[in-house]
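Count along the sequence shown from 1, then add 1; that gives the number in our numbering.
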Amino acid sequence: MSMFRLTAAVLALCMSMLSLPAAANTNASGNPEYEVDAPPAFAMVADVVIARPLLIAATLVGAGLFVVTLPFTALGGGVGRAGQALVVEPGKAAFVRCLGCTENDYDNNR
Numbered sequence: 002m003s004m005f006r007l008t009a010a011v012l013a014l015c016m017s018m019l020s021l022p023a024a025a026n027t028n029a030s031g032n033p034e035y036e037v038d039a040p041p042a043f044a045m046v047a048d049v050v051i052a053r054p055l056l057i058a059a060t061l062v063g064a065g066l067f068v069v070t071l072p073f074t075a076l077g078g079g080v081g082r083a084g085q086a087l088v089v090e091p092g093k094a095a096f097v098r099c100l101g102c103t104e105n106d107y108d109n110n111r
């Protein structure tokens, strides 16, 4: 094989390998964000039936614990952090998170 053909074959192989990461990032529909935009139906059903009621219960229990421990957290100066951890985070996950999403996408205004 001549040096020119060998060089052309190696260059063609290297150029074809450059497109592999872009092709690996997409799924069957060609949309790399398909999993976030449209979760599967079973994830939505499980979210409605199992996750949301548990998160609402966690928000209510957290609010109760926040009220009970409020005098002690006020003395320690951690009222904001306690409210964020016990009430706000479970509340956002229960009421603001998209249906069936696995990550908290409520910060992205979609």
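Heads up, the beta-carbon is just placed ideally off N, CA and C, and yes, glycines get one too.
Residue closest to residue i, alpha-carbon to alpha-carbon, out of the options
i, options, result
"L66", "I57, A47 and A83", "A83"
"P54", "G92, S17 and C102", "G92"
"L61", "A86, V80, T103 and A9", "A86"
7 Å CB neighbourhood of residue i in its chain, flanking five on each side removed
i, result
"I57", "A95"
"M4", "none"
"V46", "none"
Residue range of the unbroken alpha helix (DSSP H) whose run includes residue i
i, result
"T8", "M4 to L19"
"I51", "Counting along the chain, I51 falls outside any alpha helix (DSSP H), and DSSP gives it neither H nor E."
"V97", "No alpha helix (DSSP H) contains V97, which DSSP labels as neither H nor E."
"V80", "V80 to G84"
Neighbourhood of residue i by C-beta distance below 8 Å, restricted to the same chain and skipping five residues each side
i, result
"T70", "A83"
Contact set for residue i: own chain, Cβ-Cβ below 6 Å, skip 5 residues either direction
i, result
"V80", "T74"
Could you check whether the stretch 11 to 19 touches the stretch 60 to 77, counting it as contact only if at least three pairs of C-beta atoms, one from each stretch, sit closer than 8 Å? no
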